[in-house]
Every structure is written in structure tokens, then in C-alpha cells.
Amino acid sequence: AVDGREVRISGLPEGVSGRARAFNPVTQPEAFPGGFEESTGKLLISGVFAAVELSDDDGNELRELDAPATLRMALPVDTWGVVVDIQPGTDRIEVPLYAFDEGLGTWVRDGQGHLESGEGAVIPEADLASIRDGSYAGVVVAAGEVDHFSYWNVDWPVDSHGCVTGVILDADGNPAAGATVSIEFEASDDLGLQ
Numbered sequence: 009a010v011d012g013r014e015v016r017i018s019g020l021p022e023g024v025s026g027r028a029r030a031f032n033p034v035t036q037p038e039a040f041p042g043g044f045e046e047s048t049g050k051l052l053i054s055g056v057f058a059a060v061e062l063s064d065d066d067g068n069e070l071r072e073l074d075a076p077a078t079l080r081m082a083l084p085v086d087t088w089g090v091v092v093d094i095q096p097g098t099d100r101i102e103v104p105l106y107a108f109d110e111g112l113g114t115w116v117r118d119g120q121g122h123l124e125s126g127e128g129a130v131i132p133e134a135d136l137a138s139i140r141d142g143s144y145a146g147v148v149v150a151a152g153e154v155d156h157f158s159y160w161n162v163d164w165p166v167d168s169h170g171c172v173t174g175v176i177l178d179a180d181g182n183p184a185a186g187a188t189v190s191i192e193f194e195a196s197d198d199l200g201l202q
């Protein structure tokens, strides 16, 4: 197994070892390979991404496995608000998995995982609201079966998006100098997230 505080890979074949590191897409966007879009051009809202390097017992780089291993990545608290269950009604929260295709230089949808607690218990759908509002008491981990390695990502594609423009005015109706604008949104099916 490859263990880390934020990433764990279990079920690796005998003699395979390596290292992995999770990144927060909010605070570490510069580490994100490619752009925040998938191979079809849709914008991606990322919950977490990880870089994984594996090698066999001779030290040779290993990219493909004969049988899947389980990849677990802890979602940073500041991305919990973007979590959407892609298969409601299953009593677990399913999330989309993306792999970075280095040949194409883009993210490609490559299966799905589900959310677990830090102890490995499946998080039920009933806990989705507390995850999204940040009140969930515990660690949220995305887990899924994967058989190849470089970069992995938990993302939600946005079907459509737009721009918001405007001018900030002071009390007298004049443009305000040095104004700062921040926007909060709640990820939902209404925003076209899948």
C-alpha cells in the first residue's frame, strides 16, 4: 500500500511501491496539470487531485496494473461545497473520477468512486447536505478503483457557464475605487454540474 495523510492506495501487487500527493485545487491551482477542463471542453470544478508515482521492485516506473487498486483521496474542507451525488438513490454519494491523459494534455472521465469517512465507512446520501455546508464532522474521502497512474482528479463538469460583469458604485453613484468582489455559489444540478 502507498500511504499518506491525504492519499492512500491499497490492493497494489506484491513488490509495487511509490508515493502519492494530494493537492487542493483552491489553494494549489498552479499544481493542476493541464487546464480546469475535460477532453470535451467542459469546465471542471475540482474537489481534489493527486499525483501518483509507482515503481516495481526493480525500481522501474509502473503506469499500468493488471488488476485495479483502490485509490483514496481526502477532499479538502474548502471544496466540500462543490460535491454533487452523480447517482442519487443508492444510499452512497458517487463522484466522478478523471485521469490526466498526458498524451492529449487533458483530463478524461475514467470511472466513478464514492465518498467514505476517514475510517473507510461509506458516507450515506443523507450526509450530503452537511458535507456541502461544511458541518460534516469528520474527514471526507473519495475512493475508487483504478488501474493506471499519473494524476487523478475528483471533478464535476459544468454543462454551461457564463460571465458576470458589473460596476461597483459608492453611495453617490460613482465607481468605487479599490473595491473587492467575492462570489459564493452553491454547486447544484441547477448549475449544470454532473
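When the sequence shown is numbered by my numbering, its final residue is 202 and no position is left out of the sequence of numbers. Just so it is clear, CB atoms sit at the ideal spot from N, CA and C, and this is done for glycine as well. Nothing here was measured: the structure is a model prediction, and the numbers come from that model.
The three-state secondary structure of residue 101, taken from DSSP, is coil. Apart from the 5 residues on each side of it in sequence, residue 80 sits with its Cβ closer than 6 Å to the Cβ of 16, 149, 151 in its chain, given in chain order.
Bounds of the beta strand (DSSP E) holding residue 151 are 148–156. Residue 110 and residue 146 have their alpha carbons spaced roughly 34 Å apart. Per DSSP, reduced to three states, the secondary structure at residue 110 is coil, with no helix or strand assignment. Taking each of 154, 177, 114, 21 in turn and checking the Cα distance to residue 122, the smallest one comes out for 154. Counted as a single uninterrupted DSSP element, the beta strand (DSSP E) harbouring residue 59 occupies residues 51–63. Of all alpha-carbon atoms in 65, 156, 175, the one lying nearest the alpha-carbon of residue 59 is that of 156. Spatial neighbours of residue 86 in its own chain (CB-CB distance under 8 Å, excluding positions within 5 residues in sequence) are listed in chain order as 32, 34, 35.
CA-CA distance, residue 118 to residue 53, rounds to 16 Å. For residue 125, the pairing in a beta bridge is given by DSSP as 148. Taking the C-beta atoms as reference points, residue 185 is found no nearer than 8 Å to residue 177. Here residue 101 is not near residue 72, since their CB atoms are 8 Å or more apart. Per DSSP, the continuous alpha helix (DSSP H) segment holding residue 140 begins and ends at 136–140. For a cut-off of 8 Å, the C-beta gap from residue 82 to residue 56 is around 7 Å, short enough to register as a contact.
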